[in-house]
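Protein chains in written order, with this note's numbering: chain A, 33 to 364; chain B, 2 to 371.
As structure tokens, the structure follows; a few thoughts come after it.
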Amino acid sequence: MFDIEVENLAKRFGDFVAVDGLNFAVEHGEIFGLLGPNGAGKSTLIRMLTTLVPPTSGTARVNHFDIVRQPNDVRQSIGVIPQAMTSDLELSAVENLTIFAKLYGIPREKRNRIIPQLLAEVDLTQWADKPVKMFSGGMRRRLEIARGLVHEPKIFFLDEPTTGLDPVSRVAVWEMLARLKRERDLTILVTTHYMDEADKLCDRIAIVDHGKLVALDSPLKLKASVPGKNILEVSFSGAPQNWTETLRALPDVAEVKSEDNIFRISSENGPRTTVALMEAARVANAAVTSLSVQSTTLDDVFVHYTGRQMRDSLQGASAAESPFLIKRGGGL
Amino acid sequence: MHRVWAIIERDLRRFRRSPVLVIVSIVMPLVQLVVLGYAFGGQIKNLEIGVVNEDHGVPSVKLEEMFQAVGANAKTFNTIDYHDKAAAMRDLRNGKINGVLEIPPEFSRKVFAGANPRIALAEDNTDQFSSSALEGVLNGMMPAYNAPAVLPRTTASVSLAVVEVYPYVPYIQYLLPGTIVLAIFVSAMIGGGIIFIDDKARGLHEGYLVTPIRKFELILGFNLAGAAKAIIAGLVLITLGSIIAGIPDPLNPLRMARMFVLVVLTSLSLISMMFLIMVRVNDPLVPRAIFGMLNTVLYFPSGAVYPSQSFPAWMKAIAVVDPFTYAVHGFKQLILKNTGLMAISTDLIFLSVFTIIAMSLATVLFRRTL
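Rendered as structure tokens:
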């Protein structure tokens, strides 16, 4: 059964196409990652799925409710952590949670029971009554995760939950999400810029670019879909003519790119190619000055599918529609 | 020195790219010039004067005609005929008219007898500007009446006896009602304007909008919270202000209770007006930029600092729809004349209706989506 089904969903701001007819479905219990460069349409997509932005065309069902026709049922089913830090800084952790519990219409005795429980789950019990302005970025994020769970939603949306956090806080947030998902039987849709995180935590990943879906699969399969399982970066002194051709002929080599004297070799079998490369260099009397062998990462997948050239675009059109679109709160 | 130039350049470039700021910084002083220019010292016109003629002799009719001539020409006041002195005095105390001219029963007889007849002016002296204008015109009329073109058969000289129906009202007391409303306005401006837009810009509203809350619930919640803050400001001001301005018996419980009703309605109307103005605004600069202008445009035409009888037509038109006008009028009645709520029922009704309309419009215009 699918918890989120997206059908031809599109959003235009004037001439600017933010989301261009997307189709995909998220299964129950998945952590579904949404990757893409800045301005790819990730936030607009999340905002449509969470009923904050009405779609221009197409629709989606979230927890089997239509986002256009049944927005209030959708809102009751979802927990949302927006990109900006949106806790009330003057209020304490408990007060922030209480306000939201009331917004969801949770009765008092239930509130009194679940709020301490939630604070414990996000490790904020000892700061429960401290004003949020004293919290670090990671603590605020954890509080917002607790806030998104006060009404026990089935589906959790997080827009770049770890952007701006230090590595320790990032790990803490992700571990927390993985644990919460297990314990609460959640379906999670998350956007991030950190490929290593997406790789470790997401069951499936959708790569979005220019508002379109360019790839969708498990991290493992996505990595397999990119030519070469390993990347060798090597530089030589005294490399002969036609050296690139020589390298391309080495066993298991899929692709060779060069820049000045640095060669980037994609290989199906890193160790074998490396041994052959050292031998070829010896024969050609070229000295290896540096060598590194890496496994293919999601970074490579990302670059492969979205291209690496800079493609900045003005967000003017969308910003005029929605001033929040380009705002980043919390002094990130 | 390069660094200084860098700071200057940055600031001026930004200034040039924010036309709102440039416009406001020019328009706001101009608005003040025009509004304040007409708010103070204009000729007071169209005061309402009740005339009670208890004499009906020829000299008294002649006097009445002279009053009517003022209404037709200088227009300082219009006359309303009363047959019953008690009814006229009641209307005076309830603020319906600004003064009562009484021509006493023996007037004509005293004129013919040359016995120094007097007419009496009972005036609403809570408004010093209006009452002195009134006295000025009436005193000016007396010599005209006393020196007719044809040589008189009698040599009686009519004099005007002025009765101030309230104790002397110093300007600080006259200003107090406007100040109370101003405190409520500032609170509404901060709560309904600045904080609202700042929260919106910081993305706090995004958190609310993903919950199942309805538009009307959000608007009502914002309005009532803002009103609560404004009510506190208003209550502090009616207490401290009454003491500072030297209102007699400043903490009179009955008057305080009446003022509480008016503080609540004034707060609701001003905060709902503010939300209506701000409902589609996203730029945190806007409420700060228009703060002063709104203040000028709403406060001065309301009659808080000078009687509205002296204003040009366009300012009177603002006053008609300006909740300040009704709030200030209400507080003037309660504080300076110690009237009951009946005397300000028009004000209370206007403020209530204004609140309902403003809140409904804000709900319609509010965007549930980003």
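Cβ atoms here follow ideal geometry from the backbone N, Cα and C, with glycine treated the same way.
Which of helix, strand or coil DSSP assigns to residue i
{"i": "GLU265 of chain A", "result": "strand"}
{"i": "GLN69 of chain B", "result": "helix"}
{"i": "GLN341 of chain A", "result": "Low confidence applies here, because GLN341 of chain A scores a pLDDT of 46, under 50, leaving its location unreliable; read the following figure in that light. Coil, per DSSP."}
{"i": "GLN326 of chain A", "result": "strand"}
{"i": "GLU218 of chain B", "result": "helix"}
{"i": "PHE292 of chain B", "result": "helix"}
{"i": "LYS186 of chain A", "result": "coil"}
{"i": "LEU205 of chain B", "result": "helix"}
{"i": "GLU103 of chain B", "result": "strand"}
{"i": "THR240 of chain B", "result": "helix"}
{"i": "ALA328 of chain B", "result": "helix"}
{"i": "LEU121 of chain A", "result": "coil"}
{"i": "LYS142 of chain A", "result": "helix"}
{"i": "GLY137 of chain B", "result": "helix"}
{"i": "PHE132 of chain A", "result": "helix"}
{"i": "SER299 of chain A", "result": "strand"}
{"i": "ILE9 of chain B", "result": "helix"}
{"i": "PRO249 of chain B", "result": "coil"}
{"i": "GLY179 of chain B", "result": "helix"}
{"i": "GLU192 of chain A", "result": "coil"}
One or two residues paired with residue i in a DSSP bridge
{"i": "ARG236 of chain A", "result": "A:PHE64"}
{"i": "ASN79 of chain B", "result": "B:GLU49"}
{"i": "ALA312 of chain A", "result": "Per DSSP, none; premise fails for ALA312 of chain A."}
{"i": "LYS244 of chain A", "result": "A:ASP241"}
{"i": "LEU161 of chain B", "result": "B:ILE120"}
{"i": "ASN54 of chain B", "result": "B:ILE104"}
Beta carbon proximity, residue i to chain A, threshold 7 Å
{"i": "ILE278 of chain B", "result": "no"}
{"i": "GLU218 of chain B", "result": "no"}
{"i": "VAL35 of chain B", "result": "no"}
{"i": "GLY372 of chain B", "result": "This structure does not reach residue 372 of chain B, given that chain B is present from 2 up to 371, and the question cannot be answered."}
For residue j and residue i, the rounded distance between their alpha carbons
{"i": "VAL205 of chain A", "j": "HIS206 of chain B", "result": "24 Å"}
{"i": "LEU352 of chain B", "j": "SER303 of chain B", "result": "14 Å"}
{"i": "TYR167 of chain B", "j": "ASN253 of chain B", "result": "17 Å"}
{"i": "THR278 of chain A", "j": "LEU330 of chain A", "result": "28 Å"}
{"i": "ASN99 of chain B", "j": "ALA70 of chain B", "result": "18 Å"}
{"i": "GLU291 of chain A", "j": "THR276 of chain A", "result": "11 Å"}
{"i": "PHE48 of chain A", "j": "LEU77 of chain A", "result": "14 Å"}
{"i": "PRO251 of chain B", "j": "SER133 of chain B", "result": "26 Å"}
{"i": "TYR337 of chain A", "j": "GLY260 of chain A", "result": "14 Å"}
{"i": "ASN301 of chain A", "j": "THR130 of chain A", "result": "56 Å"}
{"i": "LEU299 of chain B", "j": "VAL203 of chain A", "result": "55 Å"}
{"i": "TYR307 of chain B", "j": "PHE332 of chain B", "result": "15 Å"}
{"i": "THR370 of chain B", "j": "VAL285 of chain A", "result": "52 Å"}
{"i": "ASN296 of chain B", "j": "LYS134 of chain A", "result": "36 Å"}
{"i": "ASP284 of chain B", "j": "LEU366 of chain B", "result": "17 Å"}
{"i": "ARG91 of chain B", "j": "LEU266 of chain B", "result": "26 Å"}
{"i": "LYS142 of chain A", "j": "VAL32 of chain B", "result": "55 Å"}
{"i": "LEU225 of chain B", "j": "PHE186 of chain B", "result": "15 Å"}
{"i": "ARG214 of chain A", "j": "ALA7 of chain B", "result": "55 Å"}
{"i": "LEU122 of chain B", "j": "MET142 of chain B", "result": "13 Å"}
{"i": "ASP228 of chain A", "j": "ASP199 of chain B", "result": "35 Å"}
Partner residues on chain B for residue i, Cβ-Cβ distance less than 8 Å
{"i": "GLN108 of chain A", "result": "PRO213"}
{"i": "PHE132 of chain A", "result": "GLY208, THR212"}
{"i": "ASN70 of chain A", "result": "Near ASN70 of chain A there are no residues of chain B at all, since even the closest Cβ is about 17 Å away, more than 8 Å."}
Contact list for residue i against chain A, beta-carbon separation under 8 Å
{"i": "LEU205 of chain B", "result": "THR118, ASP120"}
Any chain B beta carbon closer than 7 Å to residue i
{"i": "PRO87 of chain A", "result": "no"}
{"i": "THR82 of chain A", "result": "yes"}
{"i": "VAL112 of chain A", "result": "yes"}
{"i": "LEU135 of chain A", "result": "yes"}
{"i": "ASN293 of chain A", "result": "no"}
{"i": "ASN128 of chain A", "result": "no"}
Any non-hydrogen atom of the ligand ATP closer than 6 Å to residue i Cβ
{"i": "MET171 of chain A", "result": "Because no ligand of any kind appears in the structure shown, any question about the ligand ATP cannot be addressed here."}
Contact set between residue i and chain B, taken where Cβ atoms lie within less than 7 Å
{"i": "ASN104 of chain A", "result": "PRO213"}
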